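For reference, the structure is listed below as structure tokens.
Number of protein chains: 2
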Amino acid sequence: MTMSVPARRRRAPTIHDVAREAGVSRGTVSRFLNGGHHVSAVSARAVEEAIRRTGYVVNRHARSLITGRSGSAAFLLTEPQEKFFEDPNFNVLLRGCTQALAAHDIPLLLMIAGTREEQRRLLRYVTSGHVDGVLLVSSHTGDPVAEQLVDAGVPVVLCGKPMGPGRMAHVAADDRDGARQMVRHLVELGRRRIGTVTGPPDTPGGVERLAGYREVLAAAGLPADDDLVETGDYSREGGERAAARLLARRPDLDALFVASDLMARGALAALTAAGRRVPQDVAVGGFDDSAAAVASRPELTTIRQPWDRISQEMVRLLLTQLSGEDTSAVILPTELVRRASA
Amino acid sequence: MTMSVPARRRRAPTIHDVAREAGVSRGTVSRFLNGGHHVSAVSARAVEEAIRRTGYVVNRHARSLITGRSGSAAFLLTEPQEKFFEDPNFNVLLRGCTQALAAHDIPLLLMIAGTREEQRRLLRYVTSGHVDGVLLVSSHTGDPVAEQLVDAGVPVVLCGKPMGPGRMAHVAADDRDGARQMVRHLVELGRRRIGTVTGPPDTPGGVERLAGYREVLAAAGLPADDDLVETGDYSREGGERAAARLLARRPDLDALFVASDLMARGALAALTAAGRRVPQDVAVGGFDDSAAAVASRPELTTIRQPWDRISQEMVRLLLTQLSGEDTSAVILPTELVRRASA
DNA sequence: CTGAAAGCGCTTACAG
DNA sequence: CTGAAAGCGCTTACAG
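From first to last, the protein sequence lines stand for chains Y and A.
For what it's worth, UniProt numbering labels the leading residue of the first sequence as 1, then goes sequentially.
For what it's worth, UniProt numbering labels the leading residue of the second sequence as 1, then goes sequentially.
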């Protein structure tokens, strides 16, 4: 079936071949390649032709050696791989970042470094110049990797608010206000005994969403007893267990604010198992507006995180840093999405 | 909190600095770096010291420019991202390959190219030398990307048997024999009306596992009517729908061989919804022995794919190709794992 | 075992 | 606008 011998790469054409073919100098070819400034229309056309005829592709190693740039960026996850696979938000974020960078012709490498050993390798890899910058995603912050990268002079943009000291470039949704919107909605529904399943206390989402919940209850003059609060781990199972504990302690609950859609699905299972109807007996609000929200039965009322804009802003901040400027932070608004569960 | 000004990268130390510091030539330093052959113990020690003192790290762009090697490999997925996230097998495979390559100090880049546009970019990226070889995963074969990479002279190893013509290096589990083992098991359980949910007909698993099923039924003298066969798409939902159709058509089914664990979980849901008990009324066998198998209720009897060995072999074949040798294929045995569902 | 030298393919001031 | 030239940091025969 194979018609021709596969074209084993012989000597690949270089800029020199193109120059000879086009009848110009290598300098001119290079200038054409790098934006075409100071190249006459005639030369440009000749070079263009020559590139096509020779099948020339730039040797990125040679280019990188001079420019000190690799021309690519990393999407780094400093969590165990499972996390990544389970959470639908990562999916959306990764796709968004890939597309935003593609518009600048910068490929995005996905790197996962959950273990210490992987993180050591990663650091070596990045600092040895394979990548110009890093988009870092990890829910648990105070992440040592972030610090180490920044210390090594690598441009880094975080997804989510950093919890440690020091200012790091980051993009995040307004967690606290999102929580406020949701709990306010539950209150307006007439609910009075509103529990919450939070994220881990060492994550910004865990802290901020709980704070927003408390603010609204206080403002509404509703009880915010500690036994209305349970901690989850952003996993579906964790949400189910947390909701079950809550329900055992407070069978009189009439609403539940769950700090992620995935956990909310778990909570739904716990409620169903306990014979509660949603939303009639217990109204349930999630957070994220991820794929999990619409896959759920009933569909989840939730808080939309603007993932598209988050990824766009992350890329923008990274590019800014690459061009040598200092960057700061961007906080994006969240929005209540009403569906069936509350 | 920050004690010192972050060490902004000034001029990084080069091999030249190390040579001067160690009192040897750059050639000697380079030889030390590349295996230490033809370097006296004394020189070696001096270089070692100098490297530590200067904090030297090799500039990989310069090295790559000469060797023509990037020193890294890609784990490429030519499917929509969702696929990747849903299927627990990918997770295991990715981790296995990463570790096997790490032992050779080769970082693995995860690249996802589901759309045509992404595949174009990818091809440019890989052929421009960013990566020395590709581990390619895609269930639907006859994948044009694989052919294109091979044509461009890029070392490629496939996971799974290629369906197209031409010989491509690949590693796969023995799908057909796995199916035989499972169906034989169902027959030995005394089941006589055994249905199957297959994978897509354009995937090797879809074809081979169905073939194994048919072989055993024929050998056992059992009916293998077409109405006992439904096609799934390897997703949980697909499995659920397929099983429901099967059940509607053949309410007398007493066993079901489902070509993936994920689909088997869907099938379980369909059976439960139809009021069937598993395994009493209908015995269910899966395929993969993925995380889904033990997460399921009841736990799935299934066919174990040796993912660890598969990833090890994929890496071995890739390294072989990188060293210039031709490679062929490796087929690994599968194994029946008995749990509760059959 | 080791140094001097050539060269990998490209970019970028520097003169014109 | 354009060419000649220097140089990025490394590896690798080639002589010794």
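Positions of the beta carbon are idealized from the N, C-alpha and C atoms, including for glycine.
Values in this document were obtained by computation on a predicted structure and should not be read as measured data.
Examine chain Y for any beta-carbon lying closer than 7 Å to the beta-carbon of residue i, and answer yes or no.
i, result
"A/His-16", "no"
"A/Arg-120", "no"
"A/Tyr-234", "no"
"A/Ser-260", "no"
"A/Pro-107", "yes"
"A/Val-5", "Annotation note: pLDDT 34 at A/Val-5 (below 50); position unreliable, coordinate value reported separately. By this cut-off, A/Val-5 is not an interface position."
"A/Pro-318", "Position check: residue 318 of chain A holds Leu in this sequence, whereas Pro was assumed. No - not a single Cβ of chain Y is within 7 Å of the one on A/Leu-318."
"residue 408 of chain A", "The displayed coordinates of chain A run from 1 to 342. Any statement about residue 408 of chain A would go beyond what the structure contains."
"A/Arg-8", "With a pLDDT of only 39 at A/Arg-8, under the threshold of 50, the placement of this residue in the model should not be trusted; the figure read from the coordinates follows. Closer than 7 Å to some Cβ of chain Y, the Cβ of A/Arg-8 qualifies, so yes."
"A/Glu-237", "no"
"A/Ala-342", "no"
"A/Arg-265", "no"
Can you tell which of the options has its C-alpha closest to the C-alpha of residue i?
i, options, result
"A/Asn-34", "A/Gly-23, A/Val-47 and A/Pro-88", "A/Val-47"
"A/Pro-165", "A/Asp-143, A/Gly-153 and A/Leu-186", "A/Asp-143"
"A/Leu-228", "A/Ala-219, A/Phe-257, A/Thr-203 and A/Leu-332", "A/Phe-257"
"Y/Asp-202", "Y/Leu-317, Y/Ala-267, Y/Tyr-234 and Y/Arg-316", "Y/Tyr-234"
"A/Asp-174", "A/Glu-237, A/Ala-113 and A/Asp-288", "A/Asp-288"
"Y/Pro-13", "Y/Ala-41, Y/Arg-297, Y/Ile-51 and Y/Arg-120", "Y/Ile-51"
"residue 387 of chain A", "A/Arg-63, A/Leu-186 and A/Leu-94", "Because chain A spans 1 through 342 in this model, residue 387 of chain A falls outside it and cannot be assessed."
"A/Thr-67", "Y/Ser-70, Y/Thr-67, Y/Asn-59 and Y/Ala-283", "Y/Asn-59"
"Y/Gly-221", "Y/Arg-53, Y/Gly-238 and Y/Arg-184", "Y/Arg-184"
"A/Gln-99", "Y/Gln-99, Y/Ala-102, Y/Asn-89 and Y/Thr-115", "Y/Thr-115"
"Y/Gln-312", "Y/Ala-103, Y/Leu-217 and Y/Thr-272", "Y/Ala-103"
"Y/Thr-78", "Y/Pro-88, Y/His-38, Y/Arg-120 and Y/His-37", "Y/Arg-120"
"A/Gly-55", "A/Arg-26, A/Arg-11, A/Asp-177 and A/His-61", "A/Arg-11"
Just to confirm, is the Cβ distance from residue i to residue j under 7 Å?
i, j, result
"Y/Val-150", "Y/Val-157", "no"
"Y/Val-131", "Y/Cys-159", "no"
"A/Gly-205", "A/Gly-199", "yes"
"A/Leu-300", "A/Arg-339", "yes"
"A/Leu-336", "A/Pro-306", "no"
"Y/Met-182", "Y/Ile-303", "yes"
"Y/Ser-40", "Y/Val-24", "no"
"A/Asp-252", "A/Arg-191", "no"
"A/Val-197", "A/Glu-147", "no"
"A/Arg-236", "A/Leu-262", "yes"
"Y/Arg-172", "Y/Arg-209", "One detail in the question is off: residue 172 of chain Y reads as Ala in this sequence, not Arg. Against a cut-off of 7 Å, the Cβ pair of Y/Arg-209 and Y/Ala-172 comes out as no contact."
"Y/Ala-255", "Y/Gly-286", "no"
"Y/Leu-189", "Y/Ala-292", "no"
"A/Val-330", "A/Leu-101", "no"
"residue 384 of chain Y", "Y/Leu-247", "Because chain Y is modelled from 1 through 342, residue 384 of chain Y falls outside the range shown and cannot be assessed."
"residue 345 of chain Y", "A/Ser-64", "Lying outside 1 to 342, the shown extent of chain Y, residue 345 of chain Y is not represented and no answer is given."
"Y/Pro-88", "Y/Ser-290", "yes"
Residue i CB to nearest chain A CB: under 7 Å?
i, result
"Y/Tyr-213", "no"
"Y/Met-1", "Legend: pLDDT at Y/Met-1 = 33, less than 50; position of this residue unreliable, value from coordinates given subsequently. True, the Cβ-Cβ gap to chain A drops below 7 Å."
Counting only the same chain and skipping the five closest in sequence on each side, list residues whose C-beta sits under 7 Å from that of residue i.
i, result
"Y/Thr-327", "Ala-169, Leu-317, Thr-320 and Gln-321"
"Y/Asp-308", "Gly-96"
"Y/Ser-30", "Ile-15"
"A/Ser-4", "Since pLDDT at A/Ser-4 reaches only 32, below the 50 mark, its modelled position is unreliable, and no value is offered."
"A/Val-18", "Val-29, Val-47, Ala-50, Ile-51, Thr-54 and Tyr-56"
"A/Thr-2", "With a pLDDT of 31 at A/Thr-2, under the threshold of 50, the modelled position of that residue is not reliable, and no figure is offered here."
"Y/Lys-161", "His-170, Ala-172 and Pro-204"
Residues in its own chain within less than 6 Å of residue i by CB, not counting five upstream and five downstream?
i, result
"A/Ala-270", "Glu-240, Ala-243 and Ala-244"
"Y/Val-92", "Trp-307"
"Y/Pro-279", "Ser-341 and Ala-342"
Can you give me the Cβ contacts of residue i inside the same chain, cut-off strictly under 8 Å, excluding the 5 residues immediately before and after it?
i, result
"A/Ser-72", "Ile-106, Pro-107, Leu-108, Leu-109, His-130, Val-131 and Asp-132"
"Y/Leu-122", "Leu-76, Met-111, Ala-113 and Val-145"
"A/Arg-249", "Asp-227"
Taking only heavy atoms of the ligand HEM into account, decide whether any of them is closer than 6 Å to the Cβ of residue i.
i, result
"Y/Val-278", "The ligand HEM is not part of the structure shown, which contains no ligands of any sort."
- Check each residue of the UniProt domain "HTH lacI-type" (13-67) of chain A: if its Cβ is closer than 8 Å to any Cβ of chain Y, include it; give the result in chain order. Val-57, Val-58, Asn-59, Arg-60, His-61, Ala-62, Ser-64 and Leu-65
- Item | Residues within the segment 127-150 of chain Y neighbouring chain A, beta-carbon criterion of under 9 Å | Thr-127, Ser-128, Gly-129, His-130 and Val-150
- chain Y contacts made by the segment 159-185 of chain A, where a contact means CB separation under 8 Å: Pro-165 and Gly-166
- Scan the segment 275-295 of chain Y for residues whose Cβ lies nearer than 9 Å to a Cβ of chain A and list them as they occur along the chain. Ala-291
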